[in-house]
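Trainee: Structure incoming, see below.
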Amino acid sequence: MKMKDYREDLQAKTTEELQAQLVDAKKELFNLRFQNATNQLDNTSRIKDVRRNIARIQTVITQKSKAEA
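Numbering (my numbering), first residue to last: 2 to 70.
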C-alpha cells in the first residue's frame, strides 16, 4: 500500500479504530525489538517502518481531537 493510500485510510477511520490500530502497532514494535535483541529479526528496517506508522497514527488522532474541539 502506498503512503498516500495509507494516510487516506487512516483519515477515514474513527478515533476508536485508530486507538486500536495504535495499540496493535505498539505491540508489533515491542515484538520486533524483542526479536532484534535476540538476533532473530531478519528485516531490521521493519522497526523503522512501524515507528513511522505509529507516528502517523498519533498525528491523525491529534488532528481529529483538535477538529472535534
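All residues carry an ideal CB built from backbone N, CA and C; glycine is no exception.
These numbers come from a predicted model, not from an experiment.
Between the C-alpha atoms of K49 and A56, what's the straight-line distance to the nearest angstrom?
Mentor: If you take the alpha carbons of K49 and A56, they lie about 11 Å apart.
Trainee: Starting from the Cα of K65, find the closest Cα among L19, A38 and S46 and give me that residue.
Mentor: Comparing Cα positions, the closest option is L19.
Trainee: Once DSSP output is grouped into helix, strand and coil, what is the label at N32?
Mentor: N32 falls in the helix class under three-state DSSP.
Trainee: What are the boundary residues of the alpha helix (DSSP H) that includes N40?
Mentor: Careful: N40 lies outside any alpha helix (DSSP H) and carries neither H nor E.
Trainee: Note down the Cα distance separating N40 from F31, rounded to an integer number of angstroms.
Mentor: Roughly 14 Å between the two C-alpha positions.
Trainee: What first and last residue would you give for the alpha helix (DSSP H) that runs through T60?
Mentor: First-last of the alpha helix (DSSP H) with T60: S46 to E69.
Trainee: Just the Cα atoms here: how many angstroms apart are T1 and E29?
Mentor: No information on residue 1 is available, as it lies outside the stretch 2 to 70 that the chain covers here.
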